[in-house]
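Protein chains in written order, with my numbering: chain A, 46 to 189; chain B, 772 to 875.
Cβ atoms here follow ideal geometry from the backbone N, Cα and C, with glycine treated the same way.
Only a predicted model underlies this, so the values are computations on that prediction, with no experimental measurement involved.
One structure below.
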């Protein structure tokens, strides 16, 4: 009985707190994405034929943990072979945050070329403990 | 030292190639474990200690690659790639490789 009470408390509180945190994080991501709209992150290797003054590698990484609610929902959904929407929002959040951090590192750059995203799983294979996403690209500065 | 993940260093010309250079670091995942991380695992959110650790690990791998390139007499590394692999249970390897070149 006590186990069940602890489970319910954890389940409900992790759902509420996790959802609140995720909402706040998404609001923050959208605000920063708007601010950094002037710096394009491109997946191509070439851009306009302007003389380039400087080029450097920029990276951004983030580790996002899944909450207790997400872990329960994911194990339920994967049992029935459903879409893991709880994991989708977590991945989306981590990727966008990584790209933003990469952009923030390239202060004053004119473009970021050849942007690559890669992710690594943190923790055990069976649960969605967390995910690490790394974004890297080449920031270029045009000669003024 | 110029490092890019495209085939050239924009604005400069490559004058010599020195071949593949790489750097790797293996970190155990148990070292990541702390109280904050396990608490965060209940409520979600960013694991700042993990983020910082992985960032430092990657930086260390890049530094090792730079050192190798420098010892060859190169002044830039182009086409840099990052890779990760599970070496053993609980340990991860971060691997960085690229082509050492001289640019002018």
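Pair within 8 Å by beta-carbon distance, residue i and residue j
{"i": "residue 792 (chain B)", "j": "residue 833 (chain B)", "result": "no"}
{"i": "residue 105 (chain A)", "j": "residue 154 (chain A)", "result": "no"}
{"i": "residue 96 (chain A)", "j": "residue 187 (chain A)", "result": "yes"}
{"i": "residue 113 (chain A)", "j": "residue 49 (chain A)", "result": "no"}
{"i": "residue 828 (chain B)", "j": "residue 798 (chain B)", "result": "yes"}
{"i": "residue 818 (chain B)", "j": "residue 175 (chain A)", "result": "yes"}
{"i": "residue 100 (chain A)", "j": "residue 786 (chain B)", "result": "no"}
{"i": "residue 145 (chain A)", "j": "residue 74 (chain A)", "result": "yes"}
{"i": "residue 756 (chain B)", "j": "residue 189 (chain A)", "result": "Residue coverage of chain B in this structure runs from 772 to 875, which leaves residue 756 (chain B) outside it and unanswerable."}
{"i": "residue 166 (chain A)", "j": "residue 84 (chain A)", "result": "no"}
{"i": "residue 59 (chain A)", "j": "residue 813 (chain B)", "result": "yes"}
{"i": "residue 88 (chain A)", "j": "residue 160 (chain A)", "result": "yes"}
{"i": "residue 90 (chain A)", "j": "residue 778 (chain B)", "result": "yes"}
{"i": "residue 788 (chain B)", "j": "residue 874 (chain B)", "result": "no"}
Chain B residues whose Cβ lies nearer than 8 Å to that of residue i
{"i": "residue 55 (chain A)", "result": "813"}
{"i": "residue 119 (chain A)", "result": "Near residue 119 (chain A) there are no residues of chain B at all, since even the closest Cβ is about 12 Å away, more than 8 Å."}
{"i": "residue 67 (chain A)", "result": "815"}
{"i": "residue 90 (chain A)", "result": "777 and 778"}
Chain A contact residues for residue i, given Cβ-Cβ distances below 8 Å
{"i": "residue 822 (chain B)", "result": "106, 107, 108 and 177"}
{"i": "residue 855 (chain B)", "result": "163 and 165"}
{"i": "residue 829 (chain B)", "result": "104, 106 and 179"}
{"i": "residue 773 (chain B)", "result": "100 and 101"}
Cβ separation of residue i and residue j, assumed to be a contact under 8 Å, to the nearest whole Å
{"i": "residue 151 (chain A)", "j": "residue 103 (chain A)", "result": "5 Å"}
{"i": "residue 162 (chain A)", "j": "residue 180 (chain A)", "result": "5 Å"}
{"i": "residue 118 (chain A)", "j": "residue 131 (chain A)", "result": "5 Å"}
{"i": "residue 98 (chain A)", "j": "residue 782 (chain B)", "result": "6 Å"}
{"i": "residue 182 (chain A)", "j": "residue 86 (chain A)", "result": "6 Å"}
Under 7 Å by beta carbon: chain A residues contacting residue i
{"i": "residue 782 (chain B)", "result": "96, 97, 98 and 100"}
{"i": "residue 826 (chain B)", "result": "106"}
{"i": "residue 818 (chain B)", "result": "108, 110 and 175"}
Partner residues on chain B for residue i, Cβ-Cβ distance less than 7 Å
{"i": "residue 182 (chain A)", "result": "776"}
{"i": "residue 155 (chain A)", "result": "Residues of chain B passing the Cβ test: none, with the nearest at roughly 11 Å."}
{"i": "residue 62 (chain A)", "result": "814"}
{"i": "residue 174 (chain A)", "result": "812"}
{"i": "residue 185 (chain A)", "result": "781"}
Buried versus exposed call for residue i [16 or more other C-beta atoms within 10 Å across all chains shown]
{"i": "residue 79 (chain A)", "result": "exposed"}
{"i": "residue 111 (chain A)", "result": "buried"}
{"i": "residue 124 (chain A)", "result": "exposed"}
{"i": "residue 82 (chain A)", "result": "exposed"}
{"i": "residue 823 (chain B)", "result": "exposed"}
{"i": "residue 784 (chain B)", "result": "exposed"}
{"i": "residue 859 (chain B)", "result": "exposed"}
{"i": "residue 177 (chain A)", "result": "buried"}
{"i": "residue 46 (chain A)", "result": "exposed"}
{"i": "residue 53 (chain A)", "result": "exposed"}
{"i": "residue 70 (chain A)", "result": "buried"}
{"i": "residue 854 (chain B)", "result": "exposed"}
{"i": "residue 869 (chain B)", "result": "buried"}
{"i": "residue 837 (chain B)", "result": "buried"}
{"i": "residue 773 (chain B)", "result": "buried"}
{"i": "residue 115 (chain A)", "result": "buried"}
{"i": "residue 61 (chain A)", "result": "exposed"}
{"i": "residue 57 (chain A)", "result": "exposed"}
{"i": "residue 141 (chain A)", "result": "buried"}
Within chain A, partners of residue i - CB distance below 9 Å
{"i": "residue 864 (chain B)", "result": "Under the 9 Å cutoff, chain A gives no residues; its nearest Cβ is about 11 Å from residue 864 (chain B)."}
Residues that residue i contacts on chain B, provided the C-beta gap is smaller than 9 Å
{"i": "residue 59 (chain A)", "result": "813, 814 and 815"}
Q: Evaluate the contact criterion for the segment 836-853 of chain B versus the segment 134-153 of chain A: three or more CB pairs, one atom per stretch, below 8 Å.
A: Judged by Cβ distances under 8 Å, the segment 836-853 of chain B makes no contact with the segment 134-153 of chain A, as fewer than three pairs qualify.
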